[in-house]
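Asks: Protein chains in written order, with full-length UniProt numbering: chain A, 1 to 383; chain B, 1 to 383; chain C, 1 to 383; chain D, 1 to 383.
There are 4 protein chains.
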Amino acid sequence: MNGNRFGRLFQVTTYGESHGPGMGVTVSGCPAGLELTEEDVQRELDRRKPGQSMITTSRGEPDEVSIQSGLQDGYTTGTPIGMTIENKDARSGKYEPFITAPRPSHGDFTYSAKFGTRNWGGGGRSSARETVNWVAAGAIADKILESEGVQVKAHVNQIGDVEAPEVSFAEMLEHTEENDVRCAHPETAERMQERIEEYQEAGDSIGGSIYFEVQGVPRGLGAPRFDSVSARLGQALMAVPAATAFEFGLGRDAREYTGSERNDEWAFDSNDEPVPVENDHGGIQGGITTGEPIYGELTLHAPTSIPKPQETVDWETGEEKTEQVIGRHDPVLPPRGVPVVESMLSLTIVDFMLLAGRINPDRLDGQPGEYDTDYHPSSPRSE
Amino acid sequence: MNGNRFGRLFQVTTYGESHGPGMGVTVSGCPAGLELTEEDVQRELDRRKPGQSMITTSRGEPDEVSIQSGLQDGYTTGTPIGMTIENKDARSGKYEPFITAPRPSHGDFTYSAKFGTRNWGGGGRSSARETVNWVAAGAIADKILESEGVQVKAHVNQIGDVEAPEVSFAEMLEHTEENDVRCAHPETAERMQERIEEYQEAGDSIGGSIYFEVQGVPRGLGAPRFDSVSARLGQALMAVPAATAFEFGLGRDAREYTGSERNDEWAFDSNDEPVPVENDHGGIQGGITTGEPIYGELTLHAPTSIPKPQETVDWETGEEKTEQVIGRHDPVLPPRGVPVVESMLSLTIVDFMLLAGRINPDRLDGQPGEYDTDYHPSSPRSE
Amino acid sequence: MNGNRFGRLFQVTTYGESHGPGMGVTVSGCPAGLELTEEDVQRELDRRKPGQSMITTSRGEPDEVSIQSGLQDGYTTGTPIGMTIENKDARSGKYEPFITAPRPSHGDFTYSAKFGTRNWGGGGRSSARETVNWVAAGAIADKILESEGVQVKAHVNQIGDVEAPEVSFAEMLEHTEENDVRCAHPETAERMQERIEEYQEAGDSIGGSIYFEVQGVPRGLGAPRFDSVSARLGQALMAVPAATAFEFGLGRDAREYTGSERNDEWAFDSNDEPVPVENDHGGIQGGITTGEPIYGELTLHAPTSIPKPQETVDWETGEEKTEQVIGRHDPVLPPRGVPVVESMLSLTIVDFMLLAGRINPDRLDGQPGEYDTDYHPSSPRSE
Amino acid sequence: MNGNRFGRLFQVTTYGESHGPGMGVTVSGCPAGLELTEEDVQRELDRRKPGQSMITTSRGEPDEVSIQSGLQDGYTTGTPIGMTIENKDARSGKYEPFITAPRPSHGDFTYSAKFGTRNWGGGGRSSARETVNWVAAGAIADKILESEGVQVKAHVNQIGDVEAPEVSFAEMLEHTEENDVRCAHPETAERMQERIEEYQEAGDSIGGSIYFEVQGVPRGLGAPRFDSVSARLGQALMAVPAATAFEFGLGRDAREYTGSERNDEWAFDSNDEPVPVENDHGGIQGGITTGEPIYGELTLHAPTSIPKPQETVDWETGEEKTEQVIGRHDPVLPPRGVPVVESMLSLTIVDFMLLAGRINPDRLDGQPGEYDTDYHPSSPRSE
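1. Could you check which residue in C:Gly-121, C:Arg-252, C:Gly-282 has the C-alpha nearest to that of Pro-217 (chain C)?
2. According to DSSP, is His-175 (chain D) part of a helix, a strand, or is it coil?
3. Hey, out of B:Ala-236, B:Arg-48, B:Ala-170, B:Pro-165, whose CA is closest to Arg-129 (chain B)'s CA?
4. So, with DSSP's three-state summary, where would you put Glu-166 (chain D)?
5. Using the three-state DSSP reduction, which class does Val-217 (chain C) fall into: helix, strand or coil?
6. Roughly how many angstroms separate the alpha carbons of Glu-96 (chain D) and Gly-251 (chain D), rounded to a whole number?
7. Select from C:Asp-362, C:Arg-363, C:Ile-359, C:Ser-346 the residue whose C-alpha is nearest the C-alpha of Gly-7 (chain C).
8. Tell me the DSSP secondary structure of Pro-241 (chain C) in three-state form.
9. Are the beta-carbon atoms of Met-1 (chain D) and Val-41 (chain D) separated by less than 8 Å?
10. Gly-287 (chain A) and Ser-230 (chain A): beta carbons closer than 8 Å?
11. Output needed in chain order: residues of the segment 111-140 of chain B with a Cβ under 7 Å from some Cβ in chain A.
12. At a Cβ threshold of 8 Å, is Pro-361 (chain A) touching chain C?
13. Is the segment 313-323 of chain D touching the segment 15-22 of chain D in the sense that three or more CB pairs, one from each, lie closer than 8 Å?
14. Taking the alpha-carbon positions, what's the Val-65 (chain D) to Val-277 (chain C) distance?
15. Go ahead and pull the three-state DSSP assignment for Asp-270 (chain D).
16. From this set, C:Thr-57, C:Thr-77, C:Thr-100, C:Thr-304, which residue's C-alpha is nearest Ala-90 (chain C)'s C-alpha?
17. Any idea what DSSP makes of Phe-212 (chain B), helix, strand or coil?
18. Roughly how many whole angstroms lie between the Cα atoms of Pro-377 (chain D) and Ala-267 (chain B)?
19. Using beta-carbon positions only, say whether Ser-260 (chain A) and Lys-114 (chain B) come within less than 8 Å of one another.
20. Tell me the rounded alpha-carbon separation between Leu-9 (chain C) and Pro-224 (chain A).
21. Relative to the alpha-carbon of Val-240 (chain C), which residue among C:Leu-34, C:Glu-38, C:Thr-100, C:Glu-342 has its alpha-carbon at the smallest distance?
22. Report the option in C:Thr-322, C:Ser-105, C:Thr-188, C:Val-162 whose CA atom is closest to the CA atom of Asn-263 (chain D).
23. Would Ser-205 (chain C) and Ala-302 (chain C) qualify as a contact pair, given that the criterion is a beta-carbon distance under 8 Å?
24. Would you verify that the beta carbon of Gln-42 (chain C) is, or is not, closer than 8 Å to some beta carbon of chain B?
25. Give the single residue among C:Ile-349, C:Gly-337, C:Thr-322 whose Cα lies nearest to the Cα of Arg-103 (chain C).
26. Looking at Gly-33 (chain B): is its Cβ nearer than 8 Å to the Cβ of Gly-116 (chain C)?
27. Check Val-275 (chain C) in the structure and name its three-state DSSP category.
28. By DSSP, does Leu-138 (chain D) sit in helix, in strand, or in coil?
29. Would you grab the beta carbon distance between Arg-182 (chain B) and Val-332 (chain B) for me? Rounded to a whole angstrom, and I think it's under 8 Å.
30. Using a Cβ cut-off of 8 Å (strictly closer), state whether Leu-345 (chain D) contacts chain B.
31. Under 7 Å Cβ-Cβ, which residues of chain C neighbour Thr-304 (chain B)?
32. From Glu-319 (chain A) to Gln-193 (chain A), what distance separates their C-alpha atoms?
33. Around the Cβ of Thr-37 (chain B), are there at least 16 other Cβ atoms within 10 angstroms (buried) or fewer (exposed)?
34. By the 10 Å Cβ neighbour count, where 16 or more other Cβ atoms means buried, how is Ile-326 (chain C) classified, buried or exposed?
35. Using a Cβ cut-off of 8 Å, which residues of the segment 311-343 of chain B contact any Cβ in chain A, in chain order?
36. Run down chain A in chain order and give the residues with a C-beta less than 7 Å from the C-beta of Gly-70 (chain C).
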């Protein structure tokens, strides 16, 4: 309803503004018995955090997570996991000019139009800072998926007109984190980096896209019709800041394929089980997973905060004015978007696995630690 | 959870299989006081129904809706509206070959993988027949939107490699229903029709896409972050059968635009209110509506049921076999998809308007009919 | 939101007014593989239906259920089960006097106050007729529980000042259906019957209560804090028409017990598992089931429709007037309430069992019938 | 699903264990424009906090709330409000004996049975400490209600066999906070205090009950059937720790009333509006509010943690043993339960008011502070 909740069994609830005291996320529905430390979460936050390279904002946020609940001796207990992250480098002053003179294509106007007010420092609730919560929650989802053999990976496959050639999943695993752009094709990454710097120098920003792939997804996930895997991914990924297009399988190109070209025929695999011989369907048929990898792309438009002068109006003074958004802003979104996209994928897939009974909603098989309070009834109930 | 529910305040719940006794949809959350007849719903069902032209399946379904509840003297009462639609022309026999030998890229395999069984006649629950429920519900949503000055319209803008040029909203209103393809550009419609017939004759099918636009949307709708308008539309439209790509605003092209190109500057309109001078943002900024038209595209892959021989396997007998899906199938989906896309848009927008308090959740201002039981307390409560 | 939905994984959605064309209920989340016939549902509807004895309304409704979807060869498929029940003996005319002159303590005034209108025939949406939907859904829940060894039973333990002594679960199973009052203590049943007839003859009605018990509940169900078993039962049973008090375990009497009196000490059972030596806790500790029987009581106030003259006002004419509600009304609610209470218990417990992974959300182990489309992958996913 | 969420439009999400690092609650759906300070919340937390008198636990928690988000210049912004409360006086050591030897009638066994593990210090997630989150959220709900003229009040009306006579709403407002027992009848309060001390000295505890009343509730709230006001209150109040009975209106006594006795006839009030002449219906008819006060009672069983020796078993060692729960425990729950009950009432009523459109879901009319970002379009949308 209020936009700060995601997931049905694996439930995420967030709060926080860019320049408020802190960000926070509550994860409920994580089964008991998962080994979990703050380091597990921190590792992912570090991939998303600002100031990690020349092509990200220079805001200096350590993004240190603190786990407030849900653990006993380093294992989850099945009860809600509260996590908090302080905001330490907020400098709201430079946002004063925009309070009633909205930045072009930003959330300034729309938040005020909706609520009649807004937390205006650093974009407030509309800031991409919110995704720190998503990545923290995604880190937990990812640990569960890992224990079930599911792997989620994304990389940057296009920046402006610089496109990466197709890469394998193995290449994504190997190369994505090697460069600041997070493109799994090293040569392209270099060209992307150059292109980004050109726009940065010109006081401008540029769009791009992220390719994602999920391997090891069980067959039979999805709740068509309205909660098909494709529908839920549509929601999850279109919620990513600046997303303007979501595609899976052949995506937009499917409009030019015939049925006979796109259809994936069936064969038997080495276990004599039906398996599609190709994967033009992107891992989803009739809204339900086939067991083949899910793959697709997400397009993110160029950041709207740019130093180039732009025209706007002040609804308080009634004046037209020229604005420059000078400060600490990303010139391009996909590089930091990679962990965000991975998180949304992990959250969505874990949720479907719980719904499908592929993961016991109450307990994993992990060792619950020093104080073993585990109780396994030999009969399901008393007589 | 179970995929048959859509909406948060304006709630749709569906049931039905392609060849079962009937389809049904319950709409709850429709405010009281809306004038509503079965004809209002029937009109929309007729646009979606099979057998309406040479390029749709020849299945002979009258798709007659019966309203079971929620009315008093022709006006809604605010209580749930139950609607039923009988299935009359089901011929399951021809689906027997596919019971354990799944059709390529259809839901046959995945439904069985998920549930261990399925209603296999005519595709069962995975059939696009389900969308008759959506259109019935959408017809009610649409009547509410109409009374609020919101207009939803879609047309077919591409079939295979035949692309329509850009058309205006007025052209969509005028021309879309004039031809069987539902393309608002009459010349292109003819070429599309020819192309479809070519594929049909070749025993094949072809993909395509639908352009949509919503005019008159109030400012301030949307519940970022996870329930931003873009995220909710992502879910709503990716639930449409065969959808592989959802785009809004610049869509996939946004990856090649710079910030300065895409950003829409602000000016004052004739009422001295801030208004973006262009609409590259597609009516949504920060996940919330700006009041500008929402527009975008949905790509639908080619129908998977084609007469051309295809290879598959039978998991019961262990045999490989060649299949032909001969029968009453659409060679292309967008023409009948137009009312389906419009319905999902209407359902989504009405829901957001209710959430935003733009429509009284309990009552519209309509005349409640002969038996006026209306009660307007002059004080909000007794003393 | 709109009050016609119940359950989280086992989801019930209803529509229908007392004197409208028909009632309907959609059940989604029922696992595949459950053998189910219309007779299974009909049997329970017959227990609830009007006209079954002298102490129920004489309205002549056959209450014949029709299953519209969700089955293949007599087994559930995991997809939504749509059920419809026609209204055949509606006579709205006699309700005309109450359109704008509300019957005392009925829903006439409040529905109009909420919606500004209402379906006024026979109480419309506020009528207890709605519970026909609940019982239809409950019949399905009950079949699942039966297969899991869970038994739900209720009987009438008080009518006016006539109280039944405590009875055993076995007595409830044996005697409840033997008499029109549905009291498991035959002698008391006779006295209750007499008392009811006295009130009936006096043109009045009388209150009463239902005792319920659930045996075989697995340990560990419940989602405290807000969705503890007690909280969810509180909602489920307080939704029953005319409910004014919900109690479990010692109920209201607990206020006079000390901790040492009420606390149930732990011992080992014959399997060397911890078991409480008594069950003053009513099967629930900390909001979660202990495996001991859940038991409690629900109080239902006297029916508000009585032939005795009563004062009211007409908000249309501004007149004060005397009203008599003559017609086909129950003089007491608990006898027909027994299957309703059982249904709400079954729906609640099944939902908790699904949430706890005690029942596979997608499949039961039933035989899926002639057309075996079952597919059991030997490996959880393709490689 | 996971039990840490309450409310539909006014949404509360909680985390925290008794002896973990901290408690936290996220409130979303609070309209923008409400003046809110930490003091507003603190005031209510102080009423609930431990150590406030001789008849509460001596645990020394300051329960200091910190608001992390959702404000601009002291006014709410419509975005989620995150609140955190540190745990400062946790002493887990004394709970070690109970890790695998459950305390009688506590949540020790059931949490372990559900999750196979648990956070065992101080009762972990099952502790009544969780209600600090509810009271924090309730404080915000209460501020909204106050601005709408709705007043929620509760007091302790029975402890063991000591019953308070009926008191007026004015007496509740005046006297409840004057004594440690929170009974609005001063003489009875004294007797209750004595009785509690007797049980305390005997190493025992005692049950009791809370009477509640809500004045100024608008007519027409409630979403029957499953979300009637009575059903939702049933859930809300049965979630209160130790609740065993929920009653409204005549409650359990309704079973002995005839229809003619209980029915409330209609008259015109001074505004010529229909008004019930009595309120035996407890403010709710047909599940919807009449505008009359909602009133009822909640029974809380005796605290289960008592110093008296009790028998239990250790599931790890297989031994039977005698336990004493010595430490900082309340001898009776209703006195500290009063603000908890009030909070659950406020949360429930605010949620219904939002659903009914009685409060704009996005904006209140409050003054949004120094930086006025308010934007009131003169036309609802651009042209």
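Backbone N, C-alpha and C define an ideal beta-carbon position, used for all residues, glycine too.
Replies: Let's see:
1. The residue labelled residue 217 (chain C) in the question sits at position 217 within the third sequence. The sequence given here has Val at residue 217 (chain C), not Pro. Closest option to Val-217 (chain C), Cα to Cα, is C:Gly-282.
2. To locate residue 175 (chain D), count along the fourth sequence from 1; it is residue 175. In this structure, His-175 (chain D) counts as helix in the three-state DSSP scheme.
3. Numbered from 1 along the second sequence, position 129 holds the residue referred to as residue 129 (chain B). That would be B:Arg-48, whose Cα lies nearest to the Cα of Arg-129 (chain B).
4. As a working note, residue 166 (chain D) is residue 166 in the fourth sequence. Of the three classes helix, strand and coil, the one that applies to Glu-166 (chain D) here is coil, per DSSP.
5. To locate residue 217 (chain C), count along the third sequence from 1; it is residue 217. Val-217 (chain C) falls in the coil class under three-state DSSP.
6. Along the fourth sequence, one-based indexing puts residue 96 (chain D) at 96. Along the fourth sequence, one-based indexing puts residue 251 (chain D) at 251. Roughly 42 Å between the two C-alpha positions.
7. In the third sequence, counting from the first residue as 1, residue 7 (chain C) sits at position 7. Closest option to Gly-7 (chain C), Cα to Cα, is C:Ser-346.
8. Residue numbering aside, residue 241 (chain C) sits at position 241 when the third sequence is read from its first letter. Looking at Pro-241 (chain C) - three-state DSSP - the assignment turns out to be coil, as it is neither helix nor strand.
9. Counted from its first residue, the fourth sequence places residue 1 (chain D) at position 1. Counted from its first residue, the fourth sequence places residue 41 (chain D) at position 41. No, these two residues do not count as a Cβ contact at 8 Å.
10. Residue numbering aside, residue 287 (chain A) sits at position 287 when the first sequence is read from its first letter. Residue numbering aside, residue 230 (chain A) sits at position 230 when the first sequence is read from its first letter. A contact, by the Cβ cut-off of 8 Å.
11. Tyr-111, Ala-113, Lys-114, Ser-126, Glu-130
12. The sequence position of residue 361 (chain A) within the first sequence is 361, counting from 1. Chain C, which has a Cβ nearer than 8 Å to the Cβ of Pro-361 (chain A), makes this yes.
13. no
14. Numbered from 1 along the fourth sequence, position 65 holds the residue referred to as residue 65 (chain D). Numbered from 1 along the third sequence, position 277 holds the residue referred to as residue 277 (chain C). The alpha-carbon atoms of Val-65 (chain D) and Val-277 (chain C) are separated by roughly 42 Å.
15. As a position in the fourth sequence, residue 270 (chain D) is number 270, starting the count at 1. Checking the sequence shown, residue 270 (chain D) turns out to be Ser, not Asp. DSSP places Ser-270 (chain D) in coil when its eight states are reduced to three.
16. Reading the third sequence from its first residue, position 90 is the one you call residue 90 (chain C). The candidate whose alpha carbon is nearest that of Ala-90 (chain C) is C:Thr-57.
17. On the second sequence, position 212 is the one that residue 212 (chain B) refers to. Strand.
18. To locate residue 377 (chain D), count along the fourth sequence from 1; it is residue 377. To locate residue 267 (chain B), count along the second sequence from 1; it is residue 267. Residue confidence for Pro-377 (chain D) is low, a pLDDT of 36 falling below 50, so the modelled location carries little weight; the figure read from the coordinates is stated next. Computed Cα separation, rounded: 14 Å.
19. To locate residue 260 (chain A), count along the first sequence from 1; it is residue 260. To locate residue 114 (chain B), count along the second sequence from 1; it is residue 114. No, the pair does not count as a contact, with Cβ atoms beyond the cut-off.
20. On the third sequence, position 9 is the one that residue 9 (chain C) refers to. On the first sequence, position 224 is the one that residue 224 (chain A) refers to. Rounded to whole angstroms, Leu-9 (chain C) to Pro-224 (chain A) spans 14 Å at the Cα level.
21. Against the third sequence, residue 240 (chain C) aligns to sequence position 240. Answer by Cα proximity: C:Glu-342.
22. As a position in the fourth sequence, residue 263 (chain D) is number 263, starting the count at 1. Comparing Cα positions, the closest option is C:Ser-105.
23. Along the third sequence, read from residue 1 onward, the residue named residue 205 (chain C) stands at position 205. Along the third sequence, read from residue 1 onward, the residue named residue 302 (chain C) stands at position 302. In this structure, Ala-302 (chain C) lies closer than 8 Å to Ser-205 (chain C) by Cβ.
24. Translated into positions along the third sequence, residue 42 (chain C) becomes position 42. No, Gln-42 (chain C) lies away from the interface with chain B (no Cβ there is under 8 Å from its Cβ).
25. Taking the first residue of the third sequence as position 1, residue 103 (chain C) is located at position 103. Ranking the options by Cα distance to Arg-103 (chain C), first place goes to C:Thr-322.
26. Position 33 of the second sequence holds residue 33 (chain B). Position 116 of the third sequence holds residue 116 (chain C). Yes, they are a contact pair.
27. Start at 1 with the first residue of the third sequence, and residue 275 (chain C) comes out as number 275. Correct three-state label for Val-275 (chain C): strand.
28. For the purposes of this step, residue 138 (chain D) is taken as the residue at position 138 of the fourth sequence. It is worth fixing the name first, because residue 138 (chain D) is Gly in this sequence and not Leu. Three-state result, Gly-138 (chain D): helix.
29. Against the second sequence, residue 182 (chain B) aligns to sequence position 182. Against the second sequence, residue 332 (chain B) aligns to sequence position 332. With 8 Å as the limit, Arg-182 (chain B) and Val-332 (chain B) do not qualify as a contact, their Cβ atoms being about 11 Å apart.
30. The residue given as residue 345 (chain D) occupies position 345 in the fourth sequence. Chain B, which has no Cβ nearer than 8 Å to the Cβ of Leu-345 (chain D), makes this no.
31. As a first step, residue 304 (chain B) is located in the second sequence; it is residue number 304 there, counting from the start. In chain order: nothing, as chain C lies at least about 18 Å away.
32. Counting from 1 along the first sequence, the entry for residue 319 (chain A) is found at position 319. Counting from 1 along the first sequence, the entry for residue 193 (chain A) is found at position 193. Computed Cα separation, rounded: 39 Å.
33. The residue you call residue 37 (chain B) lines up with position 37 of the second sequence. Exposed: under 16 other Cβ atoms inside 10 Å.
34. For the purposes of this step, residue 326 (chain C) is taken as the residue at position 326 of the third sequence. Burial call: exposed.
35. Glu-311, Thr-312, Val-313, Trp-315, Gly-318, Glu-320
36. As a first step, residue 70 (chain C) is located in the third sequence; it is residue number 70 there, counting from the start. What Gly-70 (chain C) touches in chain A: nothing, since even the nearest Cβ is about 14 Å away.
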